[in-house]
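Trainee: Residue numbers (mature numbering (1 follows the signal peptide of the UniProt record, and there is no 0)): -20 to -1, 1 to 405. Backbone N, C-alpha and C fix where the C-beta goes; we use that ideal spot for every residue, glycine too. Have a look at the structure that comes next, please.
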Amino acid sequence: MLHRRNVGLLSVLLFASASAFVEELDNSFMKTKAKDEIWLITFYAPWCTMCKHLDPVWHQIGSELKSLGSPVNVGQSDATVNNDLSKEFRVRNYPAILMLKKGVKYNYSGPRTKEGILDFADRIGGPLVRSLYSLQLFQHAMSRHNILIVYVGATSQLKENFTSAAEELIVHTYFFSCSRDALPKNVSLPSLPAVVIFKDGTFVIYNEERDGDLKMWVNRERFPNYSKIDSYTLYAMGESGKLVVLAVVQEKILCEQSLRYKALVERVAADHREAYNRNFYFGFMEGSDYINGLVMSEVTMPTFIMLNLSNDGYFLPPGALETEQHLLDFLDGVLDGSIQCQGGNGVGQRVRRIIYDVKVTLTPIFSQAPLLGCALFGLPLTIIATLCYLCCRVQPTVNDDDDQGIALLAPSLQHRKKIRNKKSD
């Protein structure tokens, strides 16, 4: 009993110490904060389930940033109480996560995990473009990041464009700069200055004539060619303009066919990189919930699907894809237009999606608690039907009133007719 009491007391003390590093913000925050302060803030609502799940993670983030000596302050605010503050930051969904640095707001759209949010805070809280002064620093950065976007050279117009792109895309990825001496000897650059993206064990050099706008090029190339993909990554990939080829597999225990599908996609992504890199990203997704919502039906796993995230469209293979050539034919069929896009965001598709969302929402209610479902939807329908019936009953019967009026007027008309007849005689 004493041991349990000590454990409970220790838990309370740990939570209290973590809570001390997260400030509760009110409507006066914008007036009281210092200009040079950097803030990581979440807006929550008391009724929001995801906000409750995030709360312990948020306090861990506050404690860890403080222990690391980070300049980032961590705060939270009840959006239902502090309406002025939530309007200032244009909060629409909960939990909303953002950072405030030098008067600029940076919205976080990644996974609500401790690692993801800490990485976001490190990106925004640090320098916009980080300098790599030596080969050792470059290799250290390569070991920490899957993608390395690097400006190489002295001050130039290209560097200004690079900095401008970093200002908008820092919410998604890191930006670095270095001299030619800091790069490995096997990195061959035709000229300087240059912008290079290191990923997938190789590198890509920016060419203005071929690649166009620098920011759009970085946005297209800032993902690995093949990777594990979740719904947050798919949302971010929508801005790249590329199609996404997915092997949809089970979440935990993968069957032999799932492993074969994953290996097939990875092999095509690596062996045919030059042919398909400009048009496709490749990856695998564990679980089919997101795909089910997109195609509005149950997807049998494992399977292949190609997504056009710019318009919520998708492509399905015409047959089974069991070999590398089958998958290549599928890619070529999409590129030459012989395989048509399905779905999309047209008016008809939006109506179908509304119906599907209602169905998905109601099905668990009626399957798990049929009596509750009948009560929730039967009672409002009964009230509406009763009101309609009463309205119909209360309406005046115009025909009956007219008949009564005609009956009252009839004797008077007959009397006048008799008088006219007598006068004529």
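Could you check how far apart the C-beta atoms of R72 and I127 are, in whole angstroms? I think they sit under 8 angstroms.
Mentor: No, R72 and I127 are not in contact; Cβ-Cβ is about 29 angstroms, not under 8 angstroms.
Trainee: Could you spell out the range, first to last residue, of the beta strand (DSSP E) harbouring L244?
Mentor: It is not in any beta strand (DSSP E) - L244 instead sits in the alpha helix (DSSP H) that spans E236 to D251.
Trainee: Below 9 angstroms between beta carbons: does that hold for V224 and L289?
Mentor: Going by C-beta atoms, V224 is nearer than 9 angstroms to L289.
Trainee: State the DSSP-derived secondary structure class of V71, mapped to helix, strand or coil.
Mentor: Of the three classes helix, strand and coil, the one that applies to V71 here is coil, per DSSP.
Trainee: Which runs of the alpha helix (DSSP H) fall wholly inside the segment 252 to 284 and span at least 4 residues, in chain order?
Mentor: Those alpha helix (DSSP H) runs which fall completely within the segment 252 to 284 and span 4+ residues are 253 to 256 and 269 to 275.
Trainee: Return helix, strand or coil for N126, following the three-state DSSP convention.
Mentor: Here N126 sits in coil by DSSP.
Trainee: Between the Cα of L194 and the Cα atoms of L115, C31 and L138, which residue gives the shortest distance?
Mentor: When each option's Cα is compared against that of L194, the closest is L138.
Trainee: What does the alpha-carbon distance come out to for the pair T303 and V228?
Mentor: The straight-line gap from Cα to Cα measures roughly 16 angstroms.
Trainee: Which whole-angstrom value describes the C-beta separation of K232 and P204, a residue pair presumed to lie in contact below a C-beta threshold of 8 angstroms?
Mentor: With a Cβ gap of about 23 angstroms, K232 and P204 do not count as contacting.
Trainee: Should Y186 go down as buried or exposed, given a rule of 16 or more other Cβ atoms within 10 Å for buried?
Mentor: Under this definition Y186 is a buried residue.
Trainee: Give every residue of the same chain whose Cβ lies closer than 6 angstroms to the Cβ of residue 417, excluding the five residues on either side of it in the sequence, and list them in chain order.
Mentor: The question about residue 417 has no answer here: the residues shown for the chain are numbered -20 through 405.
Trainee: Quick check: what's the CA-CA separation for V(-14) versus I364?
Mentor: Any reading at V(-14) is ruled out, since the residue's pLDDT is 43, under 50, leaving its predicted position unreliable.
Trainee: Within its chain, find whatever has a CB closer than 7 angstroms to the CB of G324; leave out the 5 residues flanking it on each side and keep chain order.
Mentor: Here the set comprises N291, D292 and G293.
Trainee: In or out: R200 buried (at least 16 other Cβ within 10 Å) or exposed?
Mentor: Its Cβ being crowded by 16 or more others within 10 Å, R200 is buried.
Trainee: Which residues in the same chain as R258 place their Cβ atom closer than 6 angstroms to its Cβ, once the five residues preceding and following it in sequence are excluded?
Mentor: Here the set comprises nothing.
Trainee: Considering only the beta carbon of each residue, do Y270 and V245 sit closer than 9 angstroms?
Mentor: No.
Trainee: Do you know how far the Cα of D161 is from the Cα of L311?
Mentor: The alpha-carbon atoms of L311 and D161 are separated by roughly 40 angstroms.
Trainee: Residues bridged to D99 by DSSP?
Mentor: Answer is none; D99 lacks a bridge partner.
Trainee: Taking a contact to mean a Cβ-Cβ separation below 9 angstroms, would you say K208 touches M286 in this structure?
Mentor: It is not a contact, given that the beta carbons lie outside the stated cut-off.
Trainee: From the DSSP output, in three-state form, read off S111 for me.
Mentor: Three-state DSSP puts S111 in a strand.
Trainee: Could you tell me the alpha carbon to alpha carbon distance between S53 and D102, rounded to whole angstroms?
Mentor: The sequence as given places Asn at residue 53; Ser does not occur at that position. N53 and D102: Cα-Cα distance of roughly 12 angstroms.
Trainee: So, at 7 angstroms on beta carbons, what are the nonlocal neighbours of G218 in its own chain, with the 5 sequence-adjacent residues on each side left out?
Mentor: Only L289 and S290 meet the Cβ criterion.
Trainee: For T153, which of helix, strand or coil comes out of DSSP?
Mentor: In this structure, T153 counts as coil in the three-state DSSP scheme.
Trainee: Here's the rule I'm using: 16 or more other beta-carbon atoms within 10 Å means buried, otherwise exposed. How should L34 be labelled?
Mentor: L34 should be labelled buried.
Trainee: Measure the C-alpha to C-alpha separation of Q119 and Y154 and round it to an integer number of angstroms.
Mentor: Those two C-alpha atoms are separated by around 15 angstroms.
Trainee: Would you kindly report the start and end of the unbroken beta strand (DSSP E) that includes F178?
Mentor: From DSSP, the beta strand (DSSP E) with F178 extends over A174 to K179.
Trainee: At the level of alpha carbons, what is the spacing between K242 and S8?
Mentor: C-alpha separation (whole angstroms): 52 angstroms.
Trainee: Taking the beta strand (DSSP E) that D58 belongs to, which residues open and close that run?
Mentor: Residues V52 to D58.
Trainee: Determine the extent of the alpha helix (DSSP H) in which T213 is found, giving its start and end residues.
Mentor: Residues S211 to M217.
Trainee: Have a look at T190 and A255 and give me their C-alpha separation to the nearest angstrom.
Mentor: Correcting the residue identity first, residue 190 is Arg in this sequence and not Thr. Using only the alpha carbons, I get a separation of about 15 angstroms.
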